[in-house]
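Line order of the protein sequences matches chains A and B.
Quick note, the numbering used here runs 146 ahead of the 1-based positions in the first sequence.
Quick note, the numbering used here runs 1 ahead of the 1-based positions in the second sequence.
Ideal Cβ positions, reconstructed from N, Cα and C, are used throughout, including at glycine.
First comes the structure, then the notes that go with it.
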Amino acid sequence: MNKIPNRQAICEVLMEHAAADKDIIVMCSDSRGSASLAPYAAAFPEQFVETGIAEQNLVSIAAGLASCGKKVFAASPACFLASRSLEQSKVDVAYSHTNVTLIGISGGVSYGALGMTHHSAQDIAAMASIPNMRVYLPSDRHQTRKLIETLLLDTDPAYIRVGRNPVEDIYMEDNVPFAFNKATVLSEGEDLTIIACGEMVRPALEASNLLAGEGITCSVLDMYCVKPFDTETALAAIRKSKAVITVEEHTTIGGLGAMVSQLAASRCPKFVRNLGLPDEPVVTGTSAQVFAHYGLIGEGIAASARDLLKKIS
Amino acid sequence: MNLKAKTFELRKDVLTLIHRARTGHIGGDFSVIDILTVLYYKQMNISPEKMDHPDRDRFVLSKGHSVEALYAILSDLGFFPKSELDNYSQYGSKYIGHPNNKINGIEMNSGSLGHGLPVSIGMALAGKLDQKDYRVYTVMGDGELAEGSVWEGAMAAGHYRLDNLCAVVDRNRLQISGGTETVMAHDPLELRFASFGWNVLSIPGNDVDALNDAFDLARRAKGKPTVIIANTTKGCGVSFMENQAGWHHRVPTDEEYQKGMEELEQRRLAAL
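Shown next as structure tokens:
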């Protein structure tokens with residue numbers, strides 16, 4: 147079992163590049179520990195800016211730094227970053243087009259029993275609806291690495307969401323198929339397309355394996371690039387499937403599922419079922435318990451798939 | 002250059018712009034224009050040809066609704082041709098009712114209040130990190146100070162001892178719905194900023210000489226950011242607009258326009 151959370155992979159990549167690139171600046175809002183950025187802060191104090199518990203300040207200062215040529219990575223819990231400082235993200239980062247990568251840590255229901263104040267089940271919808279803001283939810287530490295290495299090379303605004311806990315590897319360290327802004331096709335099948343992002347890619351794969359044993363073949367897409375959404379890869383998979391399932395650690399309003407449904411309805415009508423969190427306060431529990439409660443685990447997704455295929459047959 | 006006369010010439014441009022386009026925030030334009038004139042014609046190291054120079058001074062108009070005053074100055078200084086302002090607020094124009102950084106001379110978009118100070122702090126921090134000598138200026142409205150993000154910024158600027166940062170408060174004591182001290186009080190404003198670790202200067206804010214002296218003093222203050230509380234008059238320059246909250250964004254009639262232009266010209270001539 148992998149012990150390295152995605153947030154730690156982000157810190158590793160930034161540390162690898164910060165010595166050679168003095169324009170890299172990492173910012174935190176009293177979150178260097180929870181963002182796994184303490185080693186970076188210790189190694190590069192001149193390239194680290196702390197704002198204290200002040201997310202609005204975090205994002206606006208990040209934009210100001212970036213306007214002067216800095217490559218800024220600003221980390222804060224996703225629940226606060228994507229809501230308290232949403233307006234700063236919209237105005238100072240996206241609208242002013244500054245080179246800021248916002249890193250939402252402990253995203254989704256990572257904080258479990260800490261409750262709804264600490265959940266970010268609406269960050270995809272909020273961030274993706276802002277013009278000029280990109281949204282990424284990497285599925286494992288290896289893909290997270292590739293993503294950060296790629297974002298270091300460009301100058302456009304982005305929001306990344308990662309979870310708090312280590313997730314099992316989807317890819318192998320020496321074999322990470324990664325094309326920027328293209329979904330990764332994890333399997334190809336004829337019956338169903340499952341499109342997932344972030345930590346939901348693992349259970350989507352597990353569901354696909356369960357269904358394969360029953361003779362149901364699935365295309366599984368790792369849509370880490372929620373925006374810009376990879377329409378081409380999604381359409382190619384949807385076209386050859388009987389139905390589509392989307393899985394996300396997010397409300398089913400305005401997130402990945404909504405985007406897939408919109409695409410399918412307009413370009414290639416198929417039945418789409420959106421799996422995610424309901425439009426209500428999330429049940430108390432660890433993230434694993436929450437996922438199980440809402441069927442966001444391999445067996446739950448497989449059950450939804452069987453039901454959907456039965457309904458349309 | 003006679004800066005005082007220049008401020009009345011610029012006010013005439015603003016009045017004409019707003020009268021023609023039938024939109025704008027004239028009260029705040031007229032209270033802030035002396036501050037902007039001193040910064041752009043006297044204090045700041047910027048020029049139209051060098052807006053990508055890393056050592057240029059930075060300016061953020063945090064009270065973005067006073068953009069007409071900024072447009073008048075930028076066009077007068079040649080950042081873009083004056084004729085482009087014929088498109089102000091027109092269909093498809095980039096000259097919108099708030100600062101837009103697609104326009105030469107404008108660093109950051111603003112318009113939502115409470116953003117300019119923290120953005121300027123980022124610029125000042127970058128200057129410190131890169132050991133550059135440029136200065137960063139931002140102008141806020143006094144009504145704007147009710148935004149909590151202003152005080153997050155005030156805290157951070159004091160914490161990081163940003164002596165390359167100079168904020169100005171256009172303290173005209175009026176906001177859209179009335180007097181600032183009635184809507185949400187800010188006094189004692191000087192003490193509030195001082196308690197956050199700022200060097201505080203409080204001056205007559207429509208006096209170009211006092212403003213110029215204050216910016217000079219701010220340059221010499223070390224180890225602290227400076228805030229200049231510019232005690233201004235909303236609508237300053239046209240007597241029937243002065244100290245009237247109703248002129249926050251009222252558009253003058255043709256008659257008011259003529260009357261205003263005449264008074265501004267008289268004041269311009271008197272300043273020569």
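- Can C1/B and N207/B be called in contact, C-beta distance under 7 Å? What the structure shows of chain B is the stretch from 2 to 273, and residue 1/B is not part of that stretch, so it cannot be assessed.
- If you draw a straight line from the alpha carbon of E158/A to that of P303/A, how long is it in whole angstroms? The count along the first sequence starts at 1 and reaches residue 158/A at position 12. The count along the first sequence starts at 1 and reaches residue 303/A at position 157. Roughly 21 Å between the two C-alpha positions.
- Item | 7 Å CB neighbourhood of Y41/B in its chain, flanking five on each side removed | To locate residue 41/B, count along the second sequence from 1; it is residue 40. So the qualifying residues of the chain are I74 and L78.
- Query: Candidates L146/B, L212/B, Q176/B and A215/B: which alpha carbon is nearest F194/B's?
  - Reply: Position 193 of the second sequence, counting from 1, holds the residue named residue 194/B. The shortest Cα separation from F194/B among L146/B, L212/B, Q176/B and A215/B belongs to L146/B.
- Identify, in the order they occur along the chain, each residue of the same chain with its Cβ nearer than 6 Å to the Cβ of G400/A, setting aside the five sequence neighbours on each side. Residue 400/A sits at position 254 when you count from the first residue of the first sequence. Closer than 6 Å at the Cβ level, and outside the excluded window around G400/A, lie A271.
- Query: Is the beta carbon of A224/A less than 7 Å from the beta carbon of N278/A?
  - Reply: For the purposes of this step, residue 224/A is taken as residue 78 along the first sequence, with counting starting at 1. For the purposes of this step, residue 278/A is taken as residue 132 along the first sequence, with counting starting at 1. Contact flag unset, no.
- Beta bridge counterpart(s) of Q267/B as assigned by DSSP: Start at 1 with the first residue of the second sequence, and residue 267/B comes out as number 266. None, per the DSSP bridge assignment.
- Spell out the partners DSSP gives P205/B in its beta bridges. Position 204 of the second sequence, counting from 1, holds the residue named residue 205/B. The partner list for P205/B (beta bridge, DSSP) reads N232/B.
- Check D53/B in the structure and name its three-state DSSP category. Within the second sequence, residue 53/B is the residue found at index 52, counting from 1. It is coil, neither helix nor strand.
- Find the nearest neighbour of F197/B within the set M156/B, A186/B and R174/B, judged by alpha-carbon distance. On the second sequence, position 196 is the one that residue 197/B refers to. Taking only the C-alpha atoms, the option nearest F197/B is M156/B.
- Item | Beta-carbon gap between I207/A and G149/B smaller than 7 Å | Residue numbering aside, residue 207/A sits at position 61 when the first sequence is read from its first letter. Residue numbering aside, residue 149/B sits at position 148 when the second sequence is read from its first letter. In this structure, G149/B does not lie closer than 7 Å to I207/A by Cβ.
- Can you say whether H163/A is buried or exposed, counting buried as having 16 or more other CB atoms within 10 angstroms of its CB? On the first sequence, residue 163/A is found 17 positions in, with the first residue counted as 1. H163/A is exposed by the Cβ-count criterion.
- Message: Against chain A, with Cβ distances strictly below 7 Å, would G198/B count as a contact?
- Response: Along the second sequence, one-based indexing puts residue 198/B at 197. False, the Cβ-Cβ gap to chain A never drops below 7 Å.
- Closer than 7 Å to chain B by CB, C214/A: One-based indexing of the first sequence puts residue 214/A at position 68. Yes, C214/A counts as interfacial toward chain B.
- L202/B versus G261/B, I230/B, L273/B and M109/B, residue with shortest Cα-Cα distance: In the second sequence, the residue the question calls residue 202/B occupies position 201. Comparing Cα-Cα distances from L202/B to each of G261/B, I230/B, L273/B and M109/B, the minimum goes to I230/B.
- Taking only beta-carbon atoms, is L62/B less than 7 Å away from chain A? As a first step, residue 62/B must be located in the second sequence, where it is residue number 61. Cβ-Cβ to chain A under 7 Å: no for L62/B.
- Could you tell me which chain B residues have their CB closer than 7 Å to the CB of L211/A, listed as they occur along the chain? Along the first sequence, read from residue 1 onward, the residue named residue 211/A stands at position 65. Residues of chain B passing the Cβ test: G123, L126 and A127.
- Message: To the nearest angstrom, how far is the alpha carbon of N105/B from that of I204/B?
- Response: The sequence position of residue 105/B within the second sequence is 104, counting from 1. The sequence position of residue 204/B within the second sequence is 203, counting from 1. Taking the straight line from one Cα to the other gives about 31 Å.
- Query: So with Cβ pairs under 7 Å, would you call A220/A a contact of chain B?
  - Reply: Working through the first sequence from its first residue, we reach residue 220/A at position 74. Judged by the 7 Å Cβ criterion, A220/A is not in contact with chain B.
- Item | Proximity winner among A404/A, T377/A, A184/A and G198/A, relative to L423/A (alpha-carbon distances) | As a working mapping, residue 423/A is identified with position 277 in the first sequence. It is A404/A.
- At least three beta-carbon pairs within less than 8 Å, the region 11 to 26 of chain B to the region 83 to 96 of chain B: yes
- Query: Hey, does M185/B have any beta-carbon neighbour from chain A nearer than 7 Å?
  - Reply: Taking the second sequence and counting its residues from 1, one reaches residue 185/B at position 184. No - not a single Cβ of chain A is within 7 Å of the one on M185/B.
- Task: Work out the CA separation of P119/B and G142/B for me, nearest whole Å.
- Result: As a first step, residue 142/B must be located in the second sequence, where it is residue number 141. As a first step, residue 119/B must be located in the second sequence, where it is residue number 118. Each residue's alpha carbon lies about 15 Å from the other.
- Query: Going along the chain, which residues of the region 261 to 286 of chain A sit with their C-beta nearer than 7 Å to a C-beta in chain B?
  - Reply: none
- Query: Going along the chain, which unbroken runs of the alpha helix (DSSP H) with 4 or more residues stay wholly within the region 384 to 454 of chain A?
  - Reply: 402 to 413 and 433 to 439
- Please name the residue in E378/A, S266/A and T247/A whose C-alpha comes closest to that of V205/A. The sequence position of residue 205/A within the first sequence is 59, counting from 1. Closest option to V205/A, Cα to Cα, is T247/A.
- Message: Just to confirm the assignment: which complete beta strand (DSSP E) runs, minimum length 3, are found wholly within the region 135 to 220 of chain B?
- Response: 137 to 142, 166 to 172 and 200 to 205
- Item | Euclidean distance between Cα positions of E10/B and R220/B | For the purposes of this step, residue 10/B is taken as the residue at position 9 of the second sequence. For the purposes of this step, residue 220/B is taken as the residue at position 219 of the second sequence. Going from the Cα of E10/B to the Cα of R220/B covers about 28 Å.
- Message: Below 8 Å, how does it come out for the region 24 to 39 of chain B and the region 55 to 72 of chain B: are there three or more Cβ pairs, yes or no?
- Response: yes
- Chain-order list of residues whose beta-carbon lies under 6 Å from that of H250/B (same chain, five-residue window excluded): Mapped onto the second sequence, residue 250/B falls at position 249. Once the five neighbours on either side are set aside, the close Cβ partners of H250/B are H26.
- Item | Residue span of the alpha helix (DSSP H) that contains T8/B, given as start and end | Taking the second sequence and counting its residues from 1, the one referred to as residue 8/B is at position 7. Looking at the DSSP string, the run of the alpha helix (DSSP H) that includes T8/B is L4 to A22.
- Query: Does the beta carbon of M141/B sit closer than 7 Å to a beta carbon anywhere in chain A?
  - Reply: Reading the second sequence from its first residue, position 140 is the one you call residue 141/B. No - not a single Cβ of chain A is within 7 Å of the one on M141/B.
- Query: Beta-carbon separation of S297/B and K235/B under 7 Å?
  - Reply: This structure does not reach residue 297/B, given that chain B is present from 2 up to 273, and the question cannot be answered.
- Task: Answer yes or no: does any C-beta atom of chain A fall closer than 7 Å to that of H110/B?
- Result: For the purposes of this step, residue 110/B is taken as residue 109 along the second sequence, with counting starting at 1. Looking at the sequence shown, residue 110/B is not His but Asn. Output row for N110/B: interface = yes.
- Coarse secondary structure for V205/A, derived from DSSP in three states: Numbered from 1 along the first sequence, position 59 holds the residue referred to as residue 205/A. Correct three-state label for V205/A: helix.
- Query: By the 10 Å Cβ neighbour count, where 16 or more other Cβ atoms means buried, how is R153/A classified, buried or exposed?
  - Reply: Counting from 1 along the first sequence, the entry for residue 153/A is found at position 7. It counts as buried.
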